[in-house]
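S.K.: Residue numbers for the sequence shown follow the numbering used here, so the first one is 2 and each next one is one higher.
Ideal Cβ placement from N, Cα and C applies to all residues, glycine included.
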Amino acid sequence: MEMAGVRVDSGALRGLSEEFARTMSTVESQAFEMAGREFNMGSPKQLADVLFNRLQLPILKKTKTGPSTDASVLDQLHDKHPIIGMIMEWREVQKLKSTYTDVLPTLVNPNTGRIHTSFKQAVAATGRLSSLNPNLQNIPIRKESGKRIRAAFIADEGCRLISADYSQVELRLLAHLSGDPGLTQAFCDNQDIHTRTASEIFSVPEADVTREQRGAAKSINFGLMYGMSSFRLAREQQISRKEAQQYIDCYFERYSAVKSFMESCVAFGRSNGYVETVLGRRRYVAELDARNPMRRSAAERIAVNTPVQGSAADIVKLAMLNIDKRLKNESFKTRMVLQVHDELVFDAPEAEVEQVKQLVKHEMENAYKLRVPLTVDCSSGYNWFQAH
């Protein structure tokens, strides 16, 4: 993948950069009007002065240099004044511009016309691959601006990009590792796991689950694997902490084997000094007996998360090896160009696209046998956004 690189449309990125600059200028003008004066939106000190002195918004957190204006604070202040939305939009666009649209065109190799990232195996403790110089694994996809950046990653002439993405692989691994009957049955029946969880938590038929209820269930399904607290759930869903704790308690009541599995991970780590993935790869975990509760809690989160996320990393790597072997042995010209955690991206000649899609889907879904099926969404397009 490092040698193959990925082709980018530098002109499209430069055009996006100019557009982002105009957006930032417009947002700045609107924010200055709301504040009653101009200020540097990139300066935490000047921003704090505007928010907490001029506009008299409540100070929620302090740092050594004064009131905090970090993302968590802005999230909590979002409904207090319309300028907060302007600041958040400005920061988002500025991040995309400075990290991607300004930088990526400068990283195109003049000899190949492609960007060649580096993949590291020993950076992430869970075993996930890390992309560096540049990091191509953090390009946002949920918002329109991020999608347009992905659209600048293009296939070679006469080719198409293929994107193959595991569907909820970590939740499927949680079902496999915990053996929870409800979670296992939901995946075996090909149910929408978030709707199923919402139905259980809110005691409503699946057909009556609202968008908000499904959103809360999604936060719980993914968040509890990473040790999400009731405080964080309450903040994310804008509900009371008591209500958030009730949701969590209800989740563990419905999926009791998940709770037992999490407790067993911590107990195993405490007894052995390590936890391991489905392939037996170990991660040593210190401080499970630490007196400091924050350090102990952090170690417990690692003990629970590593068997799940680390196993997902193992399975993706197995699939990559199997796919690479078949592409070479069967004389395909298709090249694997990117890995973004649960997603693999290929640059395939048009004549090979459909056959390679079938090959990739088969190898990814059969890389490792679980008690629930692994499913892969596979599609193609002339750029990365179209293919995803």
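Roughly how many whole angstroms lie between the Cα atoms of SER257 and GLN138?
M.R.: Distance between the alpha carbons of SER257 and GLN138 is about 34 angstroms.
S.K.: By the 10 Å Cβ neighbour count, where 16 or more other Cβ atoms means buried, how is ASP315 classified, buried or exposed?
M.R.: Label assigned to ASP315: buried.
S.K.: Under the assumption that ALA217 contacts TYR248 (Cβ atoms under 8 angstroms), give the Cβ distance between them as a whole number of angstroms.
M.R.: About 6 angstroms separates the two Cβ atoms, so the contact holds.
S.K.: Cα separation between LYS326 and PRO83?
M.R.: Rounded to the nearest angstrom, the two C-alpha atoms are 55 angstroms apart.
S.K.: Should GLU171 be labelled buried (16 or more other beta-carbon atoms within 10 Å of its own) or exposed?
M.R.: So GLU171 ends up on the buried side.
S.K.: Would the beta-carbon of ARG283 fall within 9 angstroms of that of GLU277?
M.R.: Their beta carbons are under 9 angstroms apart, which means ARG283 touches GLU277 by this criterion.
S.K.: State the CB to CB distance for the pair HIS102 and LEU17, rounded to an integer number of angstroms; the pair is presumed to be in contact (CB under 8 angstroms).
M.R.: Reading off the sequence shown, one finds Thr at residue 102, where the question assumed His. With a Cβ gap of about 5 angstroms, THR102 and LEU17 count as contacting.
S.K.: For LYS260, which of LYS329, PRO294 and ARG302 has the nearest alpha-carbon?
M.R.: Measuring from the Cα of LYS260, the nearest candidate turns out to be ARG302.
S.K.: Within the region 294 to 368, note down every full alpha helix (DSSP H) run reaching 4 residues or more, in order along the chain.
M.R.: Runs found: 294 to 306, 312 to 330 and 354 to 366.
S.K.: Spatial neighbours of MET87 within its chain, please: C-beta separation below 6 angstroms, excluding the five flanking residues on both sides.
M.R.: Around MET87: VAL28, GLN31 and ALA32.
S.K.: Please name the residue, chosen from ALA165, CYS160 and PRO45, that lies closest to LYS362 on a Cα-to-Cα basis.
M.R.: The residue with the shortest Cα to Cα distance from LYS362 is ALA165.
S.K.: If you measure between the beta carbons of LEU133 and PHE120, is that distance less than 9 angstroms?
M.R.: A contact, by the Cβ cut-off of 9 angstroms.
S.K.: Looking at the unbroken beta strand (DSSP E) that takes in ALA199, where does it start and where does it end?
M.R.: That residue, ALA199, is in no beta strand (DSSP E); its alpha helix (DSSP H) goes 194 to 203.
S.K.: Of the choices SER200, THR70 and ARG255, whose alpha-carbon is the least far from that of MET42?
M.R.: Taking only the C-alpha atoms, the option nearest MET42 is THR70.
S.K.: Inspect the beta-carbon positions of PHE188 and VAL373 and report whether they are closer than 9 angstroms.
M.R.: For PHE188 and VAL373, yes; Cβs fall inside 9 angstroms.
S.K.: List the endpoints of the continuous alpha helix (DSSP H) containing PHE262.
M.R.: Start and end: 257 to 273.
S.K.: On the criterion of 16 or more Cβ atoms from any shown chain inside 10 Å, does LYS65 qualify as buried, or is it exposed?
M.R.: By the neighbour-count rule (16 or more Cβ atoms within 10 Å), LYS65 is not buried but exposed.
S.K.: Does ASP250 come out as helix, strand or coil in the three-state DSSP assignment?
M.R.: In the structure shown, ASP250 sits in a helix (DSSP, three-state: H, G or I).
S.K.: If distances are taken between C-alpha atoms only, which option among PRO141, LEU75 and GLN77 comes closest to THR100?
M.R.: The candidate whose alpha carbon is nearest that of THR100 is PRO141.
S.K.: Could you tell me the distance, in whole angstroms, from the CA atom of VAL267 to the CA atom of LEU289?
M.R.: Each residue's Cα considered, the two are about 8 angstroms apart.
S.K.: Starting from LYS121, follow the beta strand (DSSP E) in both directions and report where the run begins and ends.
M.R.: First-last of the beta strand (DSSP E) with LYS121: 119 to 121.
S.K.: Pick helix, strand or coil for ASP76, following the three-state DSSP scheme.
M.R.: Looking at ASP76 - three-state DSSP - the assignment turns out to be helix.
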